[in-house]
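Participant: Before I ask anything, let me first share the structure, which is written out below as structure tokens.
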Amino acid sequence: MVAAFSAAMMGTECGVGWHTTHKALISAATRWLPEPTPTTALGIDETRVRSVRWLREESGRRHSGERFVRYGSITTCTQSITLGGTDMSQVDAQARRRTGFIASLAACVASLVVPAAGAAPMPLRPMPGAMPAPTSPVAESVPGEVLVGYVPGASAAERGQARGQVDARLVKQVVSGPGNGRAVELLRLPHAANGGQVARQLTADPAVAYVEPNWIYTEQATPSDPYFTNGSLWGMYGGRSNPANRYGSNAAAAWAAGQTGSARVYVGVIDEGIQMSHPDLAGRVRNPGETANGVDDDKNGYVDDVFGWDFAGNDNSVYDGGTLGAADNHGTHVAGTIGAKTNDGGVVGVNWKVRMISAKFLDAQGGTLSDAIQAVDYFTDLKLNHGVNIVATNNSWGGGGYSQALRDAIDRANRAGILFVAAAGNGDIDGIGDNNDTTPSYPASYANSNVISVAAITRTGALAGFSNYGPRSVDIGAPGQDIWSTTAYDSYSSYSGTSMATPHVTGAVALYAASHPKASAATIKNALLNSTAPTTSLSGITRTGGRLNIKAALAK
Ligand SMILES: [Ca+2]
Ligand SMILES: [Ca+2]
Ligand SMILES: [Ca+2]
Ligand SMILES: [Ca+2]
104 MVAAFSAAMM GTECGVGWHT THKALISAAT RWLPEPTPTT ALGIDETRVR
154 SVRWLREESG RRHSGERFVR YGSITTCTQS ITLGGTDMSQ VDAQARRRTG
204 FIASLAACVA SLVVPAAGAA PMPLRPMPGA MPAPTSPVAE SVPGEVLVGY
254 VPGASAAERG QARGQVDARL VKQVVSGPGN GRAVELLRLP HAANGGQVAR
304 QLTADPAVAY VEPNWIYTEQ ATPSDPYFTN GSLWGMYGGR SNPANRYGSN
354 AAAAWAAGQT GSARVYVGVI DEGIQMSHPD LAGRVRNPGE TANGVDDDKN
404 GYVDDVFGWD FAGNDNSVYD GGTLGAADNH GTHVAGTIGA KTNDGGVVGV
454 NWKVRMISAK FLDAQGGTLS DAIQAVDYFT DLKLNHGVNI VATNNSWGGG
504 GYSQALRDAI DRANRAGILF VAAAGNGDID GIGDNNDTTP SYPASYANSN
554 VISVAAITRT GALAGFSNYG PRSVDIGAPG QDIWSTTAYD SYSSYSGTSM
604 ATPHVTGAVA LYAASHPKAS AATIKNALLN STAPTTSLSG ITRTGGRLNI
654 KAALAK
């Protein structure tokens with residue numbers, strides 16, 4: 104019942120330099136009706152595909168009344184895949200990269216068909232845009248799981264009683280009580296439970312403040328044209344840099360003025376994991392209080408979180424893509440824009456010197472609300488209780504509905520002086536950007552004062568077609584189309600998305616904090632938003648009506 108494919112389209116990015124967007128694949132997957140559909144129908148050159156396995160088929164009705172079928176996973180391929188007329192062998196000739204691509208593609212296609220039957224009926228936002236209202240909702244949540252926020256002071260016995268009356272099992276304590284405000288628990292409901300009824304029963308319990316779906320979030324990016332190579336880092340340029348692009352972030356001018364960042368400034372990357380050993384990132388990803396020795400050195404509750412923590416896998420390996428680069432491309436891409444090194448190779452980030460810590464909660468299937476909350480609190484705790492100078496988190500993800508529990512976690516980050524930089528979102532199933540004022544896109548649309556919501560612009564200064572906007576709820580534009588950065592394993596790719604615009608702004612926060620070490624989060628946010636370059640395409644549809652101008656921001 105839940106539209107898994109629409110969540111995937113929001114940006115589960117698939118592999119290496121993939122020319123064709125998810126939209127093409129997904130629209131193909133929804134368009135072709137004969138069963139089983141040949142791979143050619145998905146735009147894949149069947150002669151090169153060794154085997155295709157259809158894991159699941161699910162028929163339904165599209166908004167137009169047309170039937171659609173969703174398909175399973177492509178498992179193995181002999182050499183390369185042609186997608187949408189683009190020969191992948193031209194994209195990347197190395198066999199190991201192709202293998203990585205194929206694995207990623209399989210994961211992506213699999214993500215189209217994540218079984219969602221039995222999901223609790225929850226308040227999901229309607230699908231907006233130019234298409235007629237469909238019957239299936241956009242937001243996706245984990246079937247049979249809910250988050251329960253308790254009233255302040257609810258005792259363990261009272262919480263147990265609330266769980267007991269609906270036979271729910273405690274999966275984990277997402278937020279512990281006093282000090283962090285109200286306790287939040289992730290509960291698993293009995294197999295046959297009616298989600299709506301259970302939610303009503305729980306909400307009626309005096310110890311319960313609210314009940315929420317365990318939302319699933321996805322990345323806000325899609326791969327873009329791999330053949331685009333000239334002047335590739337346009338997002339870092341300014342009008343007078345060499346090479347120049349007046350619609351870039353003007354980071355180059357800040358560097359020319361000697362402002363290149365500081366190793367004393369930390370950024371939290373809440374995303375997929377990061378390939379921390381990437382030649383352009385090695386040494387940049389580090390939790391300073393931890394060493395790899397089997398002991399929780401900094402006593403934050405996470406053993407050997409040397410590079411961060413994997414909340415999805417509940418382990419300390421934040422990079423899980425191996426030497427194939429089969430995972431963690433998106434997180435690695437974001438990290439490169441924030442802080443790839445100047446080492447005469449590859450790309451360079453907004454900051455030449457910065458430290459990042461990974462809170463991995465996304466994988467090819469997305470990530471959950473409960474893990475996202477723990478990721479946000481992980482950085483708040485590192486800053487408040489372990490002395491790590493975290494100035495911002497980068498949040499290039501979205502897709503779930505409203506969550507009081509996540510909003511509260513972002514508020515805790517705010518009280519710790521951590522900015523929450525978030526992707527405005529990449530439209531909806533039609534791939535066309537939406538107005539967040541009328542159709543909120545979380546987490547970017549939370550009203551917390553530390554949130555900065557980022558739209559994406561193109562190299563010619565247009566609002567990217569996929570980018571959400573909002574005169575009241577989207578703050579600023581930044582480069583988000585055809586953005587080259589680091590990807591796993593030791594590779595580089597060009598992606599597009601508000602996912603890519605966001606780390607330009609997060610990077611600017613870090614660069615500002617490096618040159619203004621005493622500045623508060625509010626001061627940094629004001630400096631960024633009060634120094635934007637007026638931009639016609641953003642005028643009237645974003646709060647500032649302008650695009651990121653890092654050189655001007657640093658002068659504030
Ligand atoms: Ca630790
Ligand atoms: Ca340790
Ligand atoms: Ca892991
Ligand atoms: Ca480099």
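Per my numbering, residue 104 is the first one in the sequence shown, and the count goes up by one each step.
Here a beta-carbon is modelled for each residue, glycine too, at the ideal position from N, C-alpha and C.
Keep in mind it's a predicted model, so treat the numbers as computed, not measured.
1) Buried or exposed, going by whether 16 or more other CB atoms sit within 10 Å of the CB of Ser-258?
2) Rounding to the nearest angstrom, what Cα-Cα distance links Ala-547 and Tyr-481 in this structure?
3) With hydrogens ignored, establish whether the beta-carbon of Asp-413 is closer than 8 Å to any heavy atom of ligand 2.
4) Figure out for me which residue from Asn-517, Lys-654, Thr-609, Asp-408 has the closest Cα to the Cα of Ser-623.
5) Just jot down, in chain order, the residues whose CB lies closer than 5 Å to any heavy atom of ligand 1.
6) Go through its chain and collect everything with a Cβ distance to Tyr-549's Cβ below 7 Å, but skip five positions before and after it.
7) Roughly how many angstroms separate the alpha carbons of Ser-570 and Ile-560, rounded to a whole number?
8) Say the cut is 8 Å; is the CB of Ser-380 nearer than that to a heavy atom of ligand 3?
9) Just to confirm, does Val-660 get its C-beta within under 8 Å of one of the non-hydrogen atoms of ligand 3?
10) DSSP three-state call for Val-608: helix, strand or coil?
11) Where the beta carbon is closer than 6 Å to any heavy atom of ligand 4, which residues qualify, in chain order?
12) What does the alpha-carbon distance come out to for the pair Tyr-598 and Thr-306?
13) Among Val-457, Trp-500, His-489, which one has its Cα closest to the Cα of Ala-467?
14) Do the region 469-486 and the region 624-631 touch if we need at least three Cβ pairs shorter than 8 Å?
15) Quick check on Leu-273: buried or exposed, where buried means 16 or more other Cβ atoms within 10 Å of its Cβ?
16) Which residues in the same chain have their Cβ closer than 6 Å to the Cβ of Asp-399, if we skip the five residues on either side of it in sequence?
17) Taking the C-alpha atoms as reference points, what is the distance between Lys-402 and Leu-487?
18) In chain order, what are the residue ranges of uninterrupted alpha helix (DSSP H) at least 4 long that sit wholly in the region 233-316?
19) Less than 8 Å separating the Cβ of Asp-374 from some heavy atom of ligand 3?
20) Report the three-state DSSP secondary structure of Leu-465 (helix, strand or coil).
21) Pair every Cβ in the region 518-528 with every Cβ in the region 583-603, then say whether three or more of these pairs are closer than 8 Å.
22) Would you kindly work out how many angstroms separate the C-alpha atoms of Asn-551 and Val-479, rounded to a whole number?
23) With distances taken from CA atoms, which of Ala-265, Asp-423, Val-311 is nearest Ala-374?
24) For His-607, count the other beta carbons within 10 Å of its own beta carbon; 16 or more makes it buried, fewer makes it exposed. Which is it?
25) Please list the terminal residues of the continuous beta strand (DSSP E) segment that includes Thr-590.
26) Return yes when at least one heavy atom of ligand 3 lies under 8 Å from the C-beta of Lys-463, else no.
27) Since Ser-570 is in the beta strand (DSSP E), which residue starts that stretch and which ends it?
28) Indicate the three-state DSSP secondary structure (helix, strand or coil) for Val-451 in the structure shown.
29) Output yes or no for whether 9 Å exceeds the beta carbon distance between Ala-359 and Ser-344.
30) How many Å lie between Asn-317 and Val-388 at the Cα?
31) Hey, is Gly-425 close to ligand 3, as in C-beta under 8 Å from one of its heavy atoms?
32) Alpha carbon to alpha carbon, how far is Ala-613 from Asn-353?
33) Just verifying my parser: in three-state terms, what is the DSSP assignment at Gly-175?
34) With DSSP run on the structure shown, which of helix, strand or coil describes Tyr-595?
35) In whole angstroms, give me the CA-to-CA distance for Ile-653 and Ser-506.
36) When every heavy atom of ligand 2 is checked, does at least one fall within less than 8 Å of the C-beta of Gly-501?
Facilitator: So, to answer that:
1) Against the sequence shown, residue 258 aligns to sequence position 155. Label assigned to Ser-258: exposed.
2) As a first step, residue 547 is located in the sequence shown; it is residue number 444 there, counting from the start. As a first step, residue 481 is located in the sequence shown; it is residue number 378 there, counting from the start. A direct Cα-Cα distance of roughly 19 Å separates Ala-547 from Tyr-481.
3) In the sequence shown, counting from the first residue as 1, residue 413 sits at position 310. No - ligand 2 has no heavy atom lying nearer than 8 Å to the Cβ of Asp-413.
4) Within the sequence shown, residue 623 is the residue found at index 520, counting from 1. The shortest C-alpha to C-alpha distance from Ser-623 to any of Asn-517, Lys-654, Thr-609, Asp-408 is the one to Asn-517.
5) Here the list is Glu-393, Asp-399, Asp-401, Asn-403, Tyr-405, Asp-408.
6) Sequence index remark: in the sequence shown, residue 549 carries index 446 (1-based). Excluding sequence neighbours, Tyr-549 sits near Arg-510, Ile-513.
7) The residue you call residue 570 lines up with position 467 of the sequence shown. The residue you call residue 560 lines up with position 457 of the sequence shown. If I take the Cα positions, the gap works out to 8 Å.
8) As a position in the sequence shown, residue 380 is number 277, starting the count at 1. Every heavy atom of ligand 3 is 8 Å or more from the Cβ of Ser-380, so no.
9) This structure cannot speak to residue 660, because the chain is shown only from 104 to 659.
10) Here the question's residue 608 lines up with position 505 in the sequence shown. Correct three-state label for Val-608: helix.
11) The filter returns Asp-383, Ala-443, Lys-444, Thr-445, Asn-446, Gly-448, Gly-449, Val-450, Val-451, in chain order.
12) Taking the first residue of the sequence shown as 1, we reach residue 598 at position 495. Taking the first residue of the sequence shown as 1, we reach residue 306 at position 203. Using only the alpha carbons, I get a separation of about 42 Å.
13) The sequence position of residue 467 within the sequence shown is 364, counting from 1. In terms of Cα proximity to Ala-467, the closest of Val-457, Trp-500, His-489 is Trp-500.
14) No contact exists between the region 469-486 and the region 624-631.
15) Start at 1 with the first residue of the sequence shown, and residue 273 comes out as number 170. Exposed, by the Cβ-count rule.
16) Indexing the sequence shown from 1 puts residue 399 at position 296. By the criterion of a C-beta distance shorter than 6 Å, Asp-399 is surrounded in its chain by Val-406, once the five residues flanking it on both sides are discounted.
17) Against the sequence shown, residue 402 aligns to sequence position 299. Against the sequence shown, residue 487 aligns to sequence position 384. In a straight line, the C-alpha of Lys-402 is about 13 Å away from that of Leu-487.
18) Scanning the region 233-316 from its first residue to its last, the whole alpha helix (DSSP H) runs of 4-plus residues come out as 259-268, 298-307.
19) For the purposes of this step, residue 374 is taken as residue 271 along the sequence shown, with counting starting at 1. Taking the Cβ of Asp-374 as the reference point, every heavy atom of ligand 3 lies at 8 Å or farther away.
20) Taking the sequence shown and counting its residues from 1, one reaches residue 465 at position 362. The answer is coil: DSSP assigns Leu-465 none of H, G, I, E or B.
21) By the Cβ criterion, the region 518-528 is in contact with the region 583-603, since at least three pairs of Cβ atoms, one from each stretch, lie closer than 8 Å.
22) The residue labelled residue 551 in the question sits at position 448 within the sequence shown. The residue labelled residue 479 in the question sits at position 376 within the sequence shown. Between the C-alpha atoms of Asn-551 and Val-479 there is a straight-line separation of about 14 Å.
23) Within the sequence shown, residue 374 is the residue found at index 271, counting from 1. According to the sequence displayed, residue 374 carries Asp and not Ala. For the residues Ala-265, Asp-423, Val-311, the minimum Cα distance to Asp-374 belongs to Asp-423.
24) Sequence index remark: in the sequence shown, residue 607 carries index 504 (1-based). Burial call: buried.
25) In the sequence shown, counting from the first residue as 1, residue 590 sits at position 487. Start and end: 586-590.
26) The sequence position of residue 463 within the sequence shown is 360, counting from 1. With a cut-off of 8 Å, the C-beta of Lys-463 is classified as near ligand 3, since at least one heavy atom of the ligand falls inside that distance.
27) For the purposes of this step, residue 570 is taken as the residue at position 467 of the sequence shown. Secondary structure note for Ser-570: it is in no beta strand (DSSP E), with a DSSP letter that is neither H nor E.
28) Start at 1 with the first residue of the sequence shown, and residue 451 comes out as number 348. In the three-state scheme derived from DSSP, where H, G and I count as helix and E and B as strand, Val-451 is classed as coil.
29) By one-based count along the sequence shown, residue 359 stands at place 256. By one-based count along the sequence shown, residue 344 stands at place 241. With contacts defined by Cβ atoms closer than 9 Å, Ala-359 and Ser-344 form a contacting pair.
30) Sequence index remark: in the sequence shown, residue 317 carries index 214 (1-based). Sequence index remark: in the sequence shown, residue 388 carries index 285 (1-based). Computed Cα separation, rounded: 29 Å.
31) By one-based count along the sequence shown, residue 425 stands at place 322. Result no, Cβ not under 8 Å from ligand 3.
32) Within the sequence shown, the letter at position 510 stands for residue 613. Within the sequence shown, the letter at position 250 stands for residue 353. Roughly 15 Å between the two C-alpha positions.
33) Translated into the one-based positions of the sequence shown, residue 175 becomes position 72. Note that Gly-175 scores a pLDDT of 31, beneath 50, so its modelled location is shaky; the value from the coordinates is reported in the next line. It is coil, neither helix nor strand.
34) What you label residue 595 is simply residue 492 of the sequence shown in a count that begins at 1. Secondary structure of Tyr-595 (DSSP, three-state): strand.
35) Taking the sequence shown and counting its residues from 1, the one referred to as residue 653 is at position 550. Taking the sequence shown and counting its residues from 1, the one referred to as residue 506 is at position 403. The alpha-carbon atoms of Ile-653 and Ser-506 are separated by roughly 32 Å.
36) In the sequence shown, counting from the first residue as 1, residue 501 sits at position 398. It does not: the Cβ of Gly-501 is nowhere closer than 8 Å to a heavy atom of ligand 2.
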